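Asks: Before I ask anything, let me first share the structure, which is written out below as structure tokens.
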Amino acid sequence: MWDKYLNFANYLVTLAQTQPEHVEACYRSAISRAYYACFLRARAHVRNSNRTLTHYQAVITWFTNHPDIQMNKIGQMLDTMRKTRNDADYGDTIAGLERTAEHQLTLAFRTFAYMDTYQIPQ
């Protein structure tokens, strides 16, 4: 389910490259969708682990405090993507917006790959 958000983020980056009048909106939206694809998948996993954590920081902390190093990595990547998403949603300007959006997508796909390794459902 959440993979659709990630695929849409990828589509927005592609669209930005062909729609110059919508470049900034596409990149900023792609950054946000990529983060939410990962965060919402992670949150669902935490909820399925009999936890009632819903606040983003509690979910990220659950992963970063996990005894497994790879689960820690998921938490670290979520935190990095959250900060980038905040900049995209609230910042007046973002230097290197295209590069930032592409990096966010790369990080999101990597996060999904880690989640797949741990069979975290989509």
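Each residue of the sequence shown is one higher than the one before, starting from 1 at the first, in my numbering. Here a beta-carbon is modelled for each residue, glycine too, at the ideal position from N, C-alpha and C. Keep in mind the model is a prediction, meaning the values are calculated, not measured.
#1: Give me the Cβ distance between residue 99 and residue 32, rounded to the nearest whole Å; I'm assuming they're in contact under 8 Å.
#2: Would residue 34 and residue 97 qualify as a contact pair, given that the criterion is a beta-carbon distance under 8 Å?
#3: Examine the Cβ distances between the region 3–13 and the region 68–87 and report whether three or more of them are shorter than 8 Å.
#4: Report buried or exposed for residue 22, applying the criterion of at least 16 other Cβ atoms within 10 angstroms of its Cβ.
#5: Going by DSSP in three states, residue 80 sits in which element: helix, strand or coil?
#6: Given a cut-off of 8 Å, decide if residue 115 and residue 28 are closer than it, judged by their beta-carbon atoms.
#7: For residue 18 and residue 67, what's the separation of their Cα atoms in angstroms?
#8: Do residue 117 and residue 77 have their C-beta atoms closer together than 8 Å?
#9: If you measure from the CB of residue 9, is any heavy atom of the ligand ADP nearer than 7 Å?
#10: Do you know whose CA, among 36, 12 and 25, lies nearest residue 1's CA?
Replies: Quick answer:
#1: To locate residue 99, count along the sequence shown from 1; it is residue 99. To locate residue 32, count along the sequence shown from 1; it is residue 32. Not confirmed; about 16 Å, so no contact.
#2: The sequence position of residue 34 within the sequence shown is 34, counting from 1. The sequence position of residue 97 within the sequence shown is 97, counting from 1. In this structure, residue 97 does not lie closer than 8 Å to residue 34 by Cβ.
#3: Look at the beta carbons and you see the region 3–13 not touching the region 68–87: under three pairs across the two are nearer than 8 Å.
#4: In the sequence shown, the residue the question calls residue 22 occupies position 22. Per the 10 Å Cβ criterion, exposed.
#5: Walking along the sequence shown from the start, residue 80 turns up at place 80. Residue state, collapsed to three classes: helix.
#6: For this step, residue 28 is matched to residue 28 along the sequence shown. For this step, residue 115 is matched to residue 115 along the sequence shown. Going by C-beta atoms, residue 28 is not nearer than 8 Å to residue 115.
#7: Residue mapping note: residue 18 aligns to position 18 of the sequence shown, counting from 1. Residue mapping note: residue 67 aligns to position 67 of the sequence shown, counting from 1. Using only the alpha carbons, I get a separation of about 44 Å.
#8: What you label residue 117 is simply residue 117 of the sequence shown in a count that begins at 1. What you label residue 77 is simply residue 77 of the sequence shown in a count that begins at 1. Not a contact, by the Cβ cut-off of 8 Å.
#9: The model depicted lacks the ligand ADP and carries no ligand whatsoever.
#10: As a working note, residue 1 is residue 1 in the sequence shown. Here the closest residue by C-alpha is 36.
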